[in-house]
Structures are given as C-alpha cells and as structure tokens.
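Number 285 in the working numbering belongs to position 285 of the sequence shown; there are no gaps in the numbering. In what follows, a single structure is set out as structure tokens and then discussed.
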Amino acid sequence: MFPFRDRAAGRLAAACGIAAATAAFAAPSANATNGSANKPVAWELSFVDSVSLQPNDLKPDRAAFERTGGLGLTGAERPYARLLRNGSPIAVEDGGGDAWGSVSVPEMLAGDVFQVLDQNTGGLYAQAIYDGRPVFDASTCAGTIKGTGLRTPDASITGVGEYVNVKHPWRYDDDPNLTTSGLITNAGPGTFEATFKRALIRGHVLWADTLFIQSPSVTVTSHSERLVGDCPPPPIPPDTLPPAGASAAPKKVKKLKDLTKKGITFRVSCAEAASVKSVLTLQTTNGKKGKKRKVKQVVVGQSMASVAAGGAVDVTVKIDPSSKKKVKSAAGKKGAKLLLATTLTDGAGNSSPLPVTSVKIPAK
1 MFPFRDRAAG RLAAACGIAA ATAAFAAPSA NATNGSANKP VAWELSFVDS VSLQPNDLKP
61 DRAAFERTGG LGLTGAERPY ARLLRNGSPI AVEDGGGDAW GSVSVPEMLA GDVFQVLDQN
121 TGGLYAQAIY DGRPVFDAST CAGTIKGTGL RTPDASITGV GEYVNVKHPW RYDDDPNLTT
181 SGLITNAGPG TFEATFKRAL IRGHVLWADT LFIQSPSVTV TSHSERLVGD CPPPPIPPDT
241 LPPAGASAAP KKVKKLKDLT KKGITFRVSC AEAASVKSVL TLQTTNGKKG KKRKVKQVVV
301 GQSMASVAAG GAVDVTVKID PSSKKKVKSA AGKKGAKLLL ATTLTDGAGN SSPLPVTSVK
361 IPAK
C-alpha cells in the first residue's frame, strides 16, 4: 500500500515539499524481487482527498496506482494514469511506463473515474470510481470523542485520526502531542463509528482511511480529510402548542334579512400566524316528540381566512344559498339559534377550537 500516512505516528508520511509533488508515493523497483515475481500481477489504486492547512503546503487531491506482483515491466508494458469526469479526461499522467504513477487535481468529485491504461495499446489495466467516501458526518465535531460517518459499503475502515500542522524552521510537520487516533467499528452497511482517545479540537484535521477489495487483482484505498468544525446547533424542538386566539362573535343578529343576505361578520385575533375556519350550524328536528324526536346539526355556512401573528382579521360567514330556506323556516315566529364554531390552525398543524358562540336570530 502507499504510505500516505504513518498511522503509528499519526502524521503524513510525506514531508511538505514531497507532499506537494504530483507523484509523492514510494514506488517499487521495476525489477521485481523473487518473492513478488511469484505473485500474480495486481493493481493497487488509491484516492487521497487532502486538506491544506498552510499556504506553502497546498495539497491537491490525488489518485495513484501501483503495480504489484509478477515480473518487472517489459518494454511492451507502459501503464499510465488518467482521471475522467463525465467521461472526459481532467488529468493525465505526464509520462508513463512505470510500475506506479499518479495524477493530481484541485478537487476530486464523487463519480470521477480513475483509470490505468497502456500507453502503447490503449488497453485498460484497472479502474475505480471515486465515491467521496469515507466521510465523517457533521456530528463528528469539536469537543466530541465519538464519530460516525459513511464508507463504501464493501470497504473496511482501516484507520481514523486527527492531526494539526506546526511550523518548523524549514517545513511544516505534524505535532505528535496534538495527534490522536481512534478505535473503529465498521457498523451497518455503508457506515462506521469511531471512538477517539481525546476530544476533537476545532481547526484540526480529521482523517479516515478505507480498504476495498474490488476484485482479486484490484485493491482500492481511499484517504479523506476534513477540518474539525463546531458542532451543529441542536435541532429546534417541534411546535406542539396550539395557537392562542379569541373570537368576538356576536350573540344575536337584528334582522333575519341581513343574516341571509350578508351573513355574520366578526373579528378573530391570534398570537401566531394561523388559518381560521368558521362553521355556522343550525339545529333541526324531525318534528316529533318524546323518544321519536331526533335532533341534528346542519351546516348552513362556513368560511376560511388567515390571520397574521399577533394580528386580527374580520371573518364573514354567509348562509349557503341552499340553506337560506332552512334558516328562515327555523326562525318562524319565535326566532331560533345558530351555533358559530371557529378553529385556529398554525403552520405546524396544531389546532385550537375557540369557544362556540350561540347566535340568536330574530323571527321572520
């Protein structure tokens, strides 16, 4: 594997000047040893998503390959690297023909495709798709000792940690006193959990590594970094309180004619923005007495309105044209009563029924 990070020391394996180079990887000799010559040819592909802490230590994102096993490269084998985005090359290795190589870009995006091709034939040796993982979620933040995140479903988290750069006379390096690693749990499919040795510090770099066996001949590793930030604010608790309001509905109307023509107008106030639904009902009977007498409420009019927070609105409930005859008949020679019910509903769906008003109507 490429020594992107010396995990035992919790620091970048490459010094500042080396890390800035395009091909900052320890490459094997083109002449394979006897031990590796007995192994089948395999490819190790790696993604590195870096964070730059110092102006003279800019770290581009990198994708790299290493050919392992088998005999040394022959003159007919000239592997080189390229990175595709939306099917088009965005970075191509300058040169080719080595058993290792890399490309650099300012930022890799999920969906970028890293390929190892033969410079002579154009044949494809290996490829991998960058998925932007591993990645810690926002709750892995300053002051916490536990973290959670996402990983490629079939990949294993092989290391997590935190570090900070300090300035030396001629370079920037990691401070071992401000470096921590963590205990890892590959949790559910595509997730992971980590417990750090101490609380994370704002502005330090949080990192995670994964290992993915893509096929018997292709291994993919991914190293990602991000700055430790402040914890997100706690979620706002849901609004469960009903809106508080009042209704100034009249208790009687003077003229039956005005009721059937103009309806009933009254004012509704509310402490918060809400919808206002008013329903006017008439109590009717089947005209019988005793146990055979049946009473029911018939809706004769309704309206919808809205009121601003801390405001009031004038609501008018008109008698439905189909119900005017029923209202006049109920009024008769002695008059009758209508029931006016108003309900307030806020934006969270909480409802508050206001007291029902009995409205006396005159005889016709």
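Glycine included, C-beta positions come from ideal geometry on N, C-alpha and C.
Counterpart residues of residue i in DSSP-defined beta bridges
i, result
"residue 237", "DSSP output for residue 237 lists no bridge partner at all."
"residue 80", "117"
"residue 356", "Per DSSP, none; premise fails for residue 356."
Residue i in three-state terms, based on DSSP
i, result
"residue 329", "helix"
"residue 61", "strand"
"residue 139", "coil"
"residue 314", "strand"
"residue 260", "helix"
"residue 134", "coil"
"residue 242", "coil"
"residue 321", "helix"
"residue 229", "coil"
"residue 254", "coil"
"residue 291", "helix"
"residue 209", "strand"
"residue 99", "coil"
"residue 383", "Only positions 1 to 364 of the chain appear in this structure, which leaves residue 383 out of reach."
"residue 73", "coil"
"residue 274", "strand"
Endpoints, beta strand (DSSP E) assigned at residue i
i, result
"residue 117", "113-118"
"residue 200", "First-last for residue 200: undefined, no H or E at that position."
"residue 108", "From DSSP, residue 108 is part of no beta strand (DSSP E); its letter is neither H nor E."
"residue 49", "42-49"
"residue 353", "351-353"
"residue 145", "Neither: residue 145 is in no beta strand (DSSP E) and is coded neither H nor E."
"residue 309", "From DSSP, residue 309 is part of no beta strand (DSSP E); its letter is neither H nor E."
"residue 126", "124-129"
"residue 162", "156-163"
For residue j and residue i, the rounded distance between their alpha carbons
i, j, result
"residue 289", "residue 336", "18 Å"
"residue 308", "residue 292", "48 Å"
"residue 233", "residue 85", "36 Å"
"residue 52", "residue 62", "13 Å"
"residue 191", "residue 151", "5 Å"
"residue 118", "residue 77", "7 Å"
"residue 349", "residue 263", "28 Å"
"residue 363", "residue 334", "5 Å"
Status (buried if at least 16 other CB within 10 Å, exposed otherwise) for residue i
i, result
"residue 359", "buried"
"residue 198", "exposed"
"residue 94", "exposed"
Proximity test, residue i beta-carbon vs the ligand FMN heavy atom, cut-off 8 Å
i, result
"residue 132", "In the structure on display, the ligand FMN does not appear, and there are no ligands present to speak of."
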